[in-house]
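All remarks here apply to the structure that follows.
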Amino acid sequence: MKITDLKCTILGSNPVIRITTDEGICGWGEAESSKPYLKSHVLFYRDLILGEDPTNVERVMLRIRRMGSFKPWGSAVSAIEMALWDIAGKAAGVPVYKLLGGKVRDKVRVYNGAVRFPMNGKAPEDYAENMARMKACKEGFSIIKQGVGFHSQMIKEDPSRFFGEVQGGRGLTRGLLTERGFNHVVDCVRAMKEALGDEVGLALDCGPGWMVPDAI
Numbered sequence: 106m107k108i109t110d111l112k113c114t115i116l117g118s119n120p121v122i123r124i125t126t127d128e129g130i131c132g133w134g135e136a137e138s139s140k141p142y143l144k145s146h147v148l149f150y151r152d153l154i155l156g157e158d159p160t161n162v163e164r165v166m167l168r169i170r171r172m173g174s175f176k177p178w179g180s181a182v183s184a185i186e187m188a189l190w191d192i193a194g195k196a197a198g199v200p201v202y203k204l205l206g207g208k209v210r211d212k213v214r215v216y217n218g219a220v221r222f223p224m225n226g227k228a229p230e231d232y233a234e235n236m237a238r239m240k241a242c243k244e245g246f247s248i249i250k251q252g253v254g255f256h257s258q259m260i261k262e263d264p265s266r267f268f269g270e271v272q273g274g275r276g277l278t279r280g281l282l283t284e285r286g287f288n289h290v291v292d293c294v295r296a297m298k299e300a301l302g303d304e305v306g307l308a309l310d311c312g313p314g315w316m317v318p319d320a321i
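Mapping to the working numbering: the sequence shown position 79 is 184, numbers consecutive.
Here's what the structure looks like:
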């Protein structure tokens with residue numbers, strides 16, 4: 106079996122890829138949601154995988170993984186690997202998990218990292234209100250992820266909450282937290298957890314903005 110084509114389309118704003126083979130088996134994969142610009146990154150790898158046997162997943166991945174160890178290329182490489190495993194499973198006539206060592210569990214816990222509502226403000230009570238709305242979502246998530254610190258709006262609009270200059274919307278150089286800023290983050294986290302209670306967990310996404318002293 107050989108790979109004959111790699112295509113990527115945008116459904117809504119989500120990249121979806123298809124790998125086709127000379128035996129008529131197609132594999133499907135998807136890249137990170139709401140990032141249509143990843144289409145060009147996916148197609149960059151097309152010539153590197155054409156003619157390869159898609160059931161030799163690791164051999165194909167060795168041709169492209171080295172260039173996918175950082176954003177945004179990693180999302181493109183991951184989508185291709187999904188499609189390769191999809192083909193391998195279809196060719197073998199078994200679910201992909203059978204090729205990866207078999208089933209470990211019957212259910213997988215997932216967190217809410219994408220079902221969001223507009224924030225009404227940046228105060229702890231605003232984060233608590235927003236968290237309560239997500240807790241009530243019909244999906245029934247048992248854990249919710251929320252950005253904190255510089256990976257959110259908690260701090261950067263109040264200069265008294267950080268030292269130095271906050272650069273860019275999501276940049277790496279974000280200054281350092283003051284005691285006031287640190288306390289505000291703690292207050293927001295506490296308010297969110299109180300809104301969630303014991304039934305729903307809270308995952309914190311510190312993002313790229315924490316310096317070592319902040320984290321410690």
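Yeah, the Cβ is synthetic: ideal placement off N, Cα and C, and Gly gets one too.
Query, Result
"Going by CA-CA distance only, name the one from N119, V305, N288 that's closest to R214.", "V305"
"State the Cα-Cα distance for the pair C113 and K144, rounded to the nearest angstrom.", "6 Å"
"Quick check on the burial criterion: 16 or more other C-beta atoms within 10 angstroms. Buried or exposed for E186?", "buried"
"Measuring CB to CB, does L307 end up less than 9 Å from A237?", "no"
"Grouping DSSP H, G and I as helix and E and B as strand, with all else coil, what is F287?", "helix"
"Leaving aside the five residues before and after C293 along the sequence, list all residues of the same chain whose C-beta is less than 6 Å from its C-beta, in chain order.", "P229, Y232, M259"
"With distances taken Cα to Cα, identify the nearest neighbour of G218 among N225, P200, K212, I248.", "I248"
"Out of S118, P159, G129, point me to the one whose CA is closest to K323's CA.", "Outside the modelled stretch of the chain, which goes from 106 to 321, sits residue 323, for which no answer is possible."
"When we look at the beta-carbon of I321 and count the other beta-carbons within 10 Å, is it buried (16 or more) or exposed?", "exposed"
"Looking only at its chain, what residues have a beta carbon closer than 8 Å to the beta carbon of K208, apart from the 5 residues adjacent to it on each side?", "Y202"
"Report the rounded CA-to-CA distance for D158 versus G179, giving the unit in angstroms.", "21 Å"
"Please report how far the alpha carbon of D127 lies from the alpha carbon of Y142, in whole angstroms.", "29 Å"
"At which residues does the beta strand (DSSP E) containing E144 begin and terminate?", "Residue identity check: residue 144 is Lys in the sequence provided, not Glu. Run containing K144: none in the beta strand (DSSP E); it sits in the alpha helix (DSSP H), 143-149."
"In terms of alpha-carbon separation, which member of S257, T125, M166 lies closest to P223?", "S257"
"Buried or exposed, going by whether 16 or more other CB atoms sit within 10 Å of the CB of W133?", "exposed"
"Take the Cβ of G156 as the centre, count every other Cβ of all protein chains shown within 10 Å, and call the residue buried at 16 or more, exposed below.", "exposed"
"According to DSSP, which residues form a beta bridge with G252?", "D310"
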